[in-house]
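FYI, in the numbering used here the residues of the sequence shown are 1 to 347. Below: the structure, in structure tokens.
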Amino acid sequence: MAFIRAADMSDGAVLFDSASKINNRARERITKGIGKPGDVIISHKGTVGRIARAPLDAPEFVCSPQTTFWRSTNEDILNQDFLYMRWPKFAEEFQVRSGETDMAGYVSLTSQRSLVLSIPPMELQRPIGALMSTLDEKIRLNRRMNETLEAMARAIFKDWFVDFGPTRAKMEGRPPYLAPDIWSLFPDRLDDEGKPEGWGMANLGAMTTELRRGISPSYAAAGGVRVLNQKCIRDRQVDPGPARRHDPERRMIDGRLLAIGDVLVNSTGVGTLGRVAQIVELEEPTIVDSHVTVVRADPSLVSSSYLGLNLTSRETEIEALGEGSTGQTELARARLWSGASSWPTPP
1 MAFIRAADMS DGAVLFDSAS KINNRARERI TKGIGKPGDV IISHKGTVGR IARAPLDAPE
61 FVCSPQTTFW RSTNEDILNQ DFLYMRWPKF AEEFQVRSGE TDMAGYVSLT SQRSLVLSIP
121 PMELQRPIGA LMSTLDEKIR LNRRMNETLE AMARAIFKDW FVDFGPTRAK MEGRPPYLAP
181 DIWSLFPDRL DDEGKPEGWG MANLGAMTTE LRRGISPSYA AAGGVRVLNQ KCIRDRQVDP
241 GPARRHDPER RMIDGRLLAI GDVLVNSTGV GTLGRVAQIV ELEEPTIVDS HVTVVRADPS
301 LVSSSYLGLN LTSRETEIEA LGEGSTGQTE LARARLWSGA SSWPTPP
């Protein structure tokens, strides 16, 4: 049986394949609290506010102490599809409740039960819920397609810019495997440094216009500006679920807003330092906290796509740049600027 933690929830989906499992003996001792298809799952401890839904073909699961499942007990009053709508007001209220105790990031079951939901008549709930379910399914299908396309892009990137496949194929007299206009862009031989002839070498600092840490936020329960933290960066993706809010009136954010194409690098702590993800969309003005480094490509030298693919493929290398004692490891800006190996850069 799957054991669902906050880390097993991403962008509305429950990651059953990668979730931990409990054995049959432990399963036999569980008499209540077993999740089922359609349940809405919310993270309420540590990482607060992630919301996902178990699909209709979901296996049996149980929630960890970090998560709660919500299930309508009477669908003539509250439609389960409507319950999952994830409207912003609910997420905002959940974040407010997380600050009611001395524990950082915690919304108790008692507090959850006292949440007030605005529920329209059932003749509105059902069509709204059905529409949202259809859109969610389309989003899931698009996500799977995007994962396939991303894997293809990474394979192409590795062949062209890491293994130098086209140049090696030319040197070995193998037939072209790319369109003629693309094939012609690759040199016919490698130089003495082992890179395609005519290509340069540059470290990260030479390819960027910005390489900086975020700010120490002045947190706000609601409103303000979204601030991403290290929990938001996992599996080369940005998950805004664990993000918090910053009050820009208490601390200015001039010049700190993220832009599409920025690359985020986790920069603190063993096991966390070195995770990399790229900003591909921004729903609202967003900044990062002081544990995350922002890397922005210099468009006159390199595209943001090239920079993003390169950095996200070097997480292990970046992790090795950390310095400090166990649990206090930090990635210094200067180390990231010049410490990573130089990269081949096409003309």
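Beta carbons are placed, not taken as given, at the ideal position from N, Cα and C, and that holds for glycine.
{"query": "With DSSP collapsed to three states, give me the class of Ile182.", "result": "helix"}
{"query": "Among Glu93, Asn229, Leu124 and Pro187, which has the Cα closest to the Cα of Val294?", "result": "Asn229"}
{"query": "With DSSP collapsed to three states, give me the class of Ala220.", "result": "strand"}
{"query": "In terms of residues, what are the limits of the beta strand (DSSP E) holding Phe164?", "result": "Premise fails: Phe164 is in no beta strand (DSSP E) and is neither H nor E."}
{"query": "If we call anything under 7 Å between Cβ atoms a contact, is Ala6 one with Arg71?", "result": "no"}
{"query": "Which stretch, first to last residue, makes up the beta strand (DSSP E) that contains Thr345?", "result": "Trp343 to Thr345"}
{"query": "Is Ser43 closer than 7 Å to Phe3 when the C-beta atoms are compared?", "result": "no"}
{"query": "Are the segment 257-275 and the segment 316-336 touching by the rule of at least three beta carbon pairs closer than 8 Å?", "result": "yes"}
{"query": "Quick check: what's the CA-CA separation for Arg53 versus Ser313?", "result": "30 Å"}
{"query": "List the endpoints of the continuous beta strand (DSSP E) containing Ala297.", "result": "Val292 to Ala297"}
{"query": "Could you tell me the alpha carbon to alpha carbon distance between Arg345 and Tyr177, rounded to whole angstroms?", "result": "The amino acid at residue 345 is misidentified as Arg; the sequence shows Thr. The alpha-carbon atoms of Thr345 and Tyr177 are separated by roughly 22 Å."}
{"query": "Identify every residue that forms a DSSP beta bridge with Trp199.", "result": "Note: Trp199 sits in no beta bridge, so no partner."}
{"query": "Below 8 Å, how does it come out for the segment 280-297 and the segment 195-215: are there three or more Cβ pairs, yes or no?", "result": "yes"}
{"query": "So with Cβ pairs under 7 Å, would you call Met9 a contact of chain D?", "result": "Judged by its chain identifiers, the structure shown contains no chain D, having just a single protein chain."}
{"query": "Do you know how far the Cα of Ser10 is from the Cα of Trp337?", "result": "31 Å"}
{"query": "Taking Ser43 as part of the beta strand (DSSP E), name the residues at either end of that continuous run.", "result": "Val40 to Lys45"}
{"query": "At the level of alpha carbons, what is the spacing between Ser184 and Val302?", "result": "20 Å"}
{"query": "Determine the direct distance from the alpha carbon of Phe61 to that of Ala19, and round the result to whole angstroms.", "result": "10 Å"}
{"query": "Report the partner residues of Glu210 according to the DSSP bridge assignment.", "result": "Arg296"}
{"query": "Ignore the nearest five residues each way along the sequence and tell me which others in Gln278's own chain have a CB closer than 6 Å to its CB.", "result": "Val263 and Gly308"}
{"query": "What number of angstroms, rounded off, separates the C-alpha of Glu45 from the C-alpha of Leu311?", "result": "As written in the sequence, residue 45 is Lys, which differs from the Glu given in the question. Whole-angstrom Cα-Cα distance: 31 Å."}
{"query": "If contacts are defined as beta-carbon pairs under 8 Å, then Gly105 and Val48 qualify, I think. What distance do you get, rounded to the angstrom?", "result": "5 Å"}
{"query": "Tell me the start and end of each unbroken alpha helix (DSSP H) in the segment 299-330 that is at least 4 residues and wholly inside, in chain order.", "result": "304-312 and 315-319"}
{"query": "With which residues is Arg244 paired in a DSSP beta bridge?", "result": "Val227"}
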